[in-house]
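**Student:** Just so you know, the sequences run in chain order A and B. 219 is the number that the numbering used here gives to position 216 of the first sequence; each next residue is one higher, with no gaps. 1565 is the number that the numbering used here gives to position 387 of the second sequence; each next residue is one higher, with no gaps. All C-beta atoms, glycine included, are put in the ideal place defined by N, C-alpha and C.
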Amino acid sequence: MNAAVGSWKVSPADGSRLALSLELRNEGRESWSSADGYAFAYQVFDAATDNLIEEGPHAGFSADVAPKQTVRLDLQIDLPGETGRYRVFVSPLKENVAWFYERGSQFLLIEAEVNRGTVASSSSAVSTMARQRLKRFGRTIGRGFTYPFRTMWRHRSLIRSMVRRDIMGRYRGSYGGLFWTVIHPLLMMLTYAFVFGVVLQTRFGPDDRPGNFVLYFMAGMLPWLALSEAVGRAPTVVYEHSNFVKKLLFPVEILPVNLVFAGLFSEVFGVLIFVGGLFYFGRDLTSMVLYLPLILIPQFLFTLGLSWFLAALGVFFRDMGQLIGFLLTVWFFTTPICYPEGQLPGEYAWLFEANPLYVLVDSYRSVLLDGVAPEWPPLLALSGVAIVLFLAGHAWFYKWKKSFADLL
Amino acid sequence: MLIANNISKVYRIYRRPADRLKEALWFGSRSLHEDFWALRNISFEVRPGETLGIVGANGSGKSTLLQILCGILEPTTGRVSREGRVAALLELGAGFNPEFSGRENIFINGEIMGLGRAEIERAMPSIERFAGIGNFIERPVKTYSSGMYVRLAFSTAIHVEPEILVVDEALAVGDAVFANRCVRKFKELQAAGVTIVFVSHDLGLVKQICSRAIFLEDGKIVEQGEPSAVMNRYVGTVLEGQKAFETETDRIKAETVSGVDGLNFSHRHGDRVAEVIEVELLDAAGRPTRAVGSGDPLSVRVISKFHADQPSPMIGMLIRTRNGLDVFGTNTAIEDVPIGPCAAGEQVTVEFRFECWLAAQEYTLTVAAQYSEGYSHDWLDDVITFRVVDARPLAGVANLHPAVTSTKSTVSRAEP
Chain A
4 MNAAVGSWKV SPADGSRLAL SLELRNEGRE SWSSADGYAF AYQVFDAATD
54 NLIEEGPHAG FSADVAPKQT VRLDLQIDLP GETGRYRVFV SPLKENVAWF
104 YERGSQFLLI EAEVNRGTVA SSSSAVSTMA RQRLKRFGRT IGRGFTYPFR
154 TMWRHRSLIR SMVRRDIMGR YRGSYGGLFW TVIHPLLMML TYAFVFGVVL
204 QTRFGPDDRP GNFVLYFMAG MLPWLALSEA VGRAPTVVYE HSNFVKKLLF
254 PVEILPVNLV FAGLFSEVFG VLIFVGGLFY FGRDLTSMVL YLPLILIPQF
304 LFTLGLSWFL AALGVFFRDM GQLIGFLLTV WFFTTPICYP EGQLPGEYAW
354 LFEANPLYVL VDSYRSVLLD GVAPEWPPLL ALSGVAIVLF LAGHAWFYKW
404 KKSFADLL
Chain B
1179 MLIANNISKV YRIYRRPADR LKEALWFGSR SLHEDFWALR NISFEVRPGE
1229 TLGIVGANGS GKSTLLQILC GILEPTTGRV SREGRVAALL ELGAGFNPEF
1279 SGRENIFING EIMGLGRAEI ERAMPSIERF AGIGNFIERP VKTYSSGMYV
1329 RLAFSTAIHV EPEILVVDEA LAVGDAVFAN RCVRKFKELQ AAGVTIVFVS
1379 HDLGLVKQIC SRAIFLEDGK IVEQGEPSAV MNRYVGTVLE GQKAFETETD
1429 RIKAETVSGV DGLNFSHRHG DRVAEVIEVE LLDAAGRPTR AVGSGDPLSV
1479 RVISKFHADQ PSPMIGMLIR TRNGLDVFGT NTAIEDVPIG PCAAGEQVTV
1529 EFRFECWLAA QEYTLTVAAQ YSEGYSHDWL DDVITFRVVD ARPLAGVANL
1579 HPAVTSTKST VSRAEP
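1) So, using beta-carbon positions, are B:GLY1312 and B:ARG1329 closer together than 8 Å?
2) Sort A:SER245, A:THR338, A:LYS12 by Cα distance to A:LEU363 and report the nearest one.
3) Determine whether the Cβ of A:ARG28 lies closer than 8 Å to any Cβ atom of chain B.
4) Could you check which residue in A:PRO70, A:ARG88, A:VAL93, A:GLY84 has the C-alpha nearest to that of A:ASP77?
5) Shortest alpha-carbon distance to A:LYS404 belongs to which of A:ALA395, A:ASN358, A:ALA315, A:ALA44?
6) For chain A, is any of its Cβ atoms less than 8 Å away from the one on B:PRO1195?
7) Identify the contact partners of B:LEU1180 in chain A, using a Cβ-Cβ distance below 7 Å as the criterion.
8) Take B:LYS1431 and list the residues in its own chain whose beta-carbon comes closer than 7 Å to its own, dropping the five residues that flank it on each side.
9) With a threshold of 6 Å on Cβ separation, who are the neighbours of A:ARG321 within its own chain once the five nearest residues in sequence on each side are excluded?
10) For B:PRO1318, which three-state DSSP category applies?
11) Given 8 Å as the limit, is there contact between the region 1212-1229 of chain B and the region 1273-1289 of chain B, that is, 3 or more CB pairs closer than that?
12) With a threshold of 8 Å between beta-carbons, can A:HIS397 be considered close to chain B, or not?
13) Under 8 Å between C-beta atoms, does A:LEU161 make it to chain E?
14) Going by DSSP, what residue range makes up the alpha helix (DSSP H) through A:GLY279?
15) Which residues share a DSSP beta bridge with B:PHE1443?
16) How would you label A:ALA16, buried or exposed, when you count the other beta carbons within 10 angstroms and need 16 or more for buried?
17) What residues from chain A crowd round B:TYR1327, counting only those whose CB sits closer than 8 Å?
18) Can a CB atom of chain B be found closer than 8 Å to the CB of A:LEU96?
19) Name the residue from A:LEU112, A:ARG206, A:ASN215 whose alpha carbon lies nearest to the alpha carbon of A:LYS12.
20) When the Cα atoms are used, what is the spatial distance from B:HIS1485 to B:VAL1233?
21) For B:GLN1245, return the contacting residues in chain A, with the cut-off set at a CB-CB distance below 8 Å.
22) Taking a Cβ distance cut-off of 7 Å, strictly less, list which residues of the region 1259-1274 of chain B are near chain A, in chain order.
23) What is the rounded straight-line gap between the Cα of B:CYS1534 and the Cα of B:GLY1382?
24) Which of the three DSSP states, helix, strand or coil, is assigned to A:TYR413?
25) For A:ASP409 and B:LYS1365, what's the separation of their Cα atoms in angstroms?
26) Threshold first: 4 residues or longer. Then list the alpha helix (DSSP H) segments lying entirely within the region 1223-1249 of chain B, N to C.
27) Going by C-alpha to C-alpha distance, which of A:PHE197, A:ILE170, A:GLY285, A:TYR195 sits closest to A:VAL185?
28) Report yes or no: is there a C-beta of chain A within less than 8 Å of the C-beta of B:ALA1432?
29) If you compare alpha carbons, which of B:VAL1545, B:ASN1509, B:VAL1470 is closest to B:SER1444?
30) Which same chain residues, not among the five before or five after A:PHE264, have their C-beta less than 6 Å away from its C-beta?
31) For B:ARG1329, which three-state DSSP category applies?
32) Once you ignore the five residues that flank A:GLU116 on each side, which residues in its own chain have a CB closer than 6 Å to its CB?
33) B:TRP1535 by DSSP, collapsed to three states: which one?
34) Compare the C-alpha of B:GLU1277 against each of A:PHE152, A:ARG175, A:PHE336, A:VAL201 and name the closest.
35) What's the gap between the Cα of A:PHE199 and the Cα of A:ARG136?
36) Can a CB atom of chain B be found closer than 8 Å to the CB of A:GLU232?
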């Protein structure tokens, strides 16, 4: 089943109709005979979604077309009248077997734009399915680069109010209210500080000023607070919003974005507590703190990419919701947050060297405590990883998004 | 403007959710699913100001179709063109957070539907007025009754100024007052050129507000066009299904009087000297029907067979409501159209023709062949179930189709 497209001519007819005259050469071994079910026709696809919309009538060949023989065909193509862009495949087919183009044969591709019942423009070219797949892949990649940003820009006001709603709603109905946003990280930090600083006598470096451990520990906790909150909730977030997926016209891809912002919000409180502690122990912030936003960018991208990935995965594997708590605990303790990295034996050094979280922890400590600029090479490496994860995470989420409604 | 062009939807049924991922990892070289066609080749067009009603049994694909129309689901083939903002009311209060007050939820829902805060602020008084839930607007939504929930959600949805409104079974929960208000609002929206798609099991409502209707069965359009015609077809199908179900149940129940000649009945008695062998309900064109418009011509045909000579038998009919109230009964003697003496082996066909001035609800037909004294040869209770449909929500059982006039005059009261 192979055909070669010779010369052709597409001309607009009345309304949304195209007239096509086309030369096809039989490049296969079998002769095209209507009796054997050979015919030719066209299919109209939606250019935006690649969905098949309609199939034209199958026309038989008036006479058998032997191999290497050329046949001239005339047909009319009826495009849908609705405004939009359409892709038309014109190809021979064998009834109940396949379209030639599905078997790798050449076919004529017509791209047409219809505007309120009339063909506004059309272009045509010889193509193959392989070429189409490549183009589709290119489009996917192109979308992969633009869509994540478009998502966040287009829905910025919705994201803002969803985050607000999330934060306000979190402790709604409890007596502590918004206060818990501060108390929760504070209590957690105090507990860890007690266990590691007081009981286990952990020390960071030779510096033995009071509060040294607490401050180091808190600085390291800050990125963790934001990351763990977003990543920990990501696997269940779609499931928890199944109503939004199935019953509302809602951009589901912003749900993980909301989590990341909510996590950052918690971090802001953490920073306030930290700064309070810093002043309490008689230290000052240096101008290096101005690097913090620069660290936040890869942190944000990394967290969001991971959240997108896990959010989609969580729809397929409900177990992710249970698993993630455990994974996060492991991640927390293998990252030198509550102990100095020097305490890790050499053979475990990879634990923090290859750990994106540690890059953040270390950078936070540099700018907030040590008053030095963050170490650039690991931060740049992290930024690279973060951007890839961000784009890939969104692409992954976007790919599976269509199935969510069927699954929940 | 909403156009569906050749919409089909295939659900891939996987035994486990993970199979879906697995299949993707095999790049289609292994198939781990079964296809289920929820919709097949659905095409229609709804113009601004038009309202399309969709009816169909549960599982016929209505909800899937609505989800595709709003863009929540992707169709497998075909294309939906939408012009303008879409508001979807698939489940009332789907985006509501129970902990938040009504007012806060209006903001959230409005924003989800694409309005800015300022726009919502502007619409707020009108939303509150339409919802009519008073001070509850400041209370958490979790304290609402389901009716109040519906009021608030519906009110929010119609105030986002949609160009296309898609509503699924929305008004079923509200009380009569609110339902009425919604109908009026629908009419207003129609006049304003809003495109509405509407799913309901309330056939009267569909007839009342829709300009066109679609009857879906097994994901396919069975009938499309004039609402009353579509409703009749739908009701006919539903009742057939019901009848089949009842026959089945009856058979299982007691192998009842061995459902002889294909007649269904809830009870049968008589000496069978004359036997009713066929009962049919016919419309004006003489076609069997199970749905009739209020006031439409209807005829009841009873065919009975005599096994012995009878001097003056009579044939009667009785219409009852579903809950057993006798609505109207007569027979050939009362009507003074005697069928005369009948000989053994003779078959008599009697037709009662009348205009069916009943109110919209479900009725049953009971028929009998009797002695002139009233004893039964063959009496069959509830042989046919049929439905009277009417766009107007009349009260009661009868439709007295009154001619209404009104006059006005000014009374001057300062006559000395």
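**Tutor:** Straight from the coordinates:
1) no
2) A:THR338
3) no
4) A:VAL93
5) A:ALA315
6) yes
7) Within 7 Å Cβ-Cβ: nothing; B:LEU1180 doesn't reach chain A, min ~10 Å.
8) Per-residue confidence for B:LYS1431 stands at a pLDDT of 45, beneath the threshold of 50, marking its modelled position as unreliable; no derived number is given.
9) Hits under 6 Å: none found.
10) strand
11) no
12) With 8 Å as the cut-off, A:HIS397 does not count as an interface residue toward chain B.
13) Here chain E cannot be found, since the structure's protein chains are A and B.
14) A:GLY279 -> alpha helix (DSSP H) spans 257-283.
15) According to DSSP, B:PHE1443 bridges with nothing at all.
16) exposed
17) By Cβ distance, chain A contributes nothing, its closest Cβ being about 13 Å from B:TYR1327, past 8 Å.
18) no
19) A:LEU112
20) 46 Å
21) Under the 8 Å cutoff, chain A gives LYS249, ALA408.
22) SER1259, VAL1264, ALA1266, LEU1268, GLU1269, ALA1272, GLY1273
23) 17 Å
24) Lying before the first or after the last residue shown, residue 413 of chain A is absent from chain A, which here runs from 4 to 411.
25) For A:ASP409 and B:LYS1365, the distance between alpha carbons rounds to 34 Å.
26) 1240-1248
27) A:ILE170
28) At B:ALA1432, the pLDDT of 43 sits below 50, so the modelled position is not reliable; the number obtained from the coordinates is stated separately. It does not; no Cβ of chain A falls within 8 Å.
29) B:VAL1545
30) Only residues of its own chain outside the window of five on either side were considered, and among them VAL166 have a CB closer than 6 Å to the CB of A:PHE264, listed in chain order.
31) DSSP places B:ARG1329 in helix when its eight states are reduced to three.
32) ARG88, ALA123, SER124
33) Secondary structure of B:TRP1535 (DSSP, three-state): coil.
34) Closest option to B:GLU1277, Cα to Cα, is A:ARG175.
35) 56 Å
36) no
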